[in-house]
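Counting from 184, one number per residue, gives the positions in the sequence shown under my numbering.
Idealized CB from N, CA, C, for every residue including glycine.
Accompanying notes for the structure given below.
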Amino acid sequence: MIKSDKSTDLLLLAGKVITVLMQGAMGFGAFVLVLVAGALAFSRDTIEAEIAAETGHADLALPLFASFGVLLVGLAIVATLFVFFGKLRAIINTVSEGDPFVPDNADRLSLMAWLMLGVQLLVLAAVPFALQLGEFARKFGEDAQIEANGDFDLSGILLIIILFILARVFRHGAAMREDLEGTV
184 MIKSDKSTDL LLLAGKVITV LMQGAMGFGA FVLVLVAGAL AFSRDTIEAE IAAETGHADL
244 ALPLFASFGV LLVGLAIVAT LFVFFGKLRA IINTVSEGDP FVPDNADRLS LMAWLMLGVQ
304 LLVLAAVPFA LQLGEFARKF GEDAQIEANG DFDLSGILLI IILFILARVF RHGAAMREDL
364 EGTV
C-alpha cells in the first residue's frame with residue numbers, strides 16, 4: 184500500500200467533505216420533494232382556490248398527474264445521486280487508505296456510470312410532465328412560464344463513458360496487482 188502525501192490528503196479530504204455535503208443536499212432535497220408532494224395531495228382544493236382568487240380563472244384545475252410526475256422523477260433523481268455520491272466517497276476512502284485498485288472500486292465505478300445513465304433517462308422522463316405544467320402556467324399569461332428541455336446532456340454522456348472506462352482500468356489494475364502479489 185502507498186500512503187498519499189500531505190497535498191493529496193487535502194484533496195482527498197475536500198472530496199470526502201464534498202461527497203458528504205452532496206449526500207446531505209440530496210437527502211434534504213428528497214425530504215422537500217416528499218413534503219411538497221404531501222402538501223399538494225392534502226391541500227389541492229386550497230391551492231386551486233388560491234389560484235382562482237389570484238387569477239380570476241375559477242375553471243383551472245391543478246394538473247396533479249403532471250405535478251406528481253415531476254415530483255416522483257425528482258425524487259428518483261435525488262435518490263440516485265445520493266447513492267452515486269456514497270459510492271464516490273467509498274472510492275475516495277480506498278484512495279486515502281492507499282489501496283484504490285481493488286475489485287470493489289471497479290464495481291463502484293460501473294454502478295456510478297449506470298446511475299448517471301439513469302439520471303439522464305430520468306431527466307428525459309420528466310419532460311412530458313414539465314411540458315404539461317408549462318401549458319398550465321401559460322394559461323396565466325406570458326410572465327408565468329415553465330420551460331422543459333429534453334436535450335441530451337453531452338457532458339453527462341461523457342461522464343458516463345469516462346466512468347465505464349475507469350471501471351475497466353480499475354478492474355485491470357486490480358487484476359495486475361493480484362498477479363504481481365501471486366508472483367512475489
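Taking its Cβ as the centre, do 16 or more other Cβ atoms sit within 10 Å of residue i, making it buried, or is it exposed?
{"i": "R321", "result": "exposed"}
{"i": "A197", "result": "exposed"}
Going along the chain, which residues of its own chain have a beta-carbon closer than 6 Å to the beta-carbon of residue i, five neighbours each way excluded?
{"i": "F267", "result": "M295 and L298"}
My guess is that residue i and residue j are in contact by the Cβ rule of under 8 Å, so how many angstroms apart are they, rounded?
{"i": "A308", "j": "V261", "result": "So it is not a contact: roughly 14 Å between Cβ atoms."}
{"i": "P311", "j": "A357", "result": "With a Cβ gap of about 42 Å, P311 and A357 do not count as contacting."}
{"i": "A289", "j": "R354", "result": "4 Å"}
{"i": "E231", "j": "L245", "result": "5 Å"}
{"i": "K199", "j": "I274", "result": "That pair is no contact at about 11 Å."}
{"i": "A350", "j": "L292", "result": "4 Å"}
Grab me the residues of residue i's own chain with a C-beta within less than 8 Å of its C-beta, minus the 5 sequence neighbours each way, in chain order.
{"i": "D336", "result": "Q303 and V306"}
Rounded to whole angstroms, what is the Cα-Cα separation between residue i and residue j?
{"i": "L258", "j": "P283", "result": "31 Å"}
{"i": "L271", "j": "F248", "result": "34 Å"}
{"i": "V217", "j": "L223", "result": "10 Å"}
{"i": "G207", "j": "E364", "result": "39 Å"}
{"i": "E318", "j": "A236", "result": "19 Å"}
{"i": "V215", "j": "I348", "result": "35 Å"}
{"i": "L193", "j": "S250", "result": "43 Å"}
{"i": "G212", "j": "E280", "result": "31 Å"}
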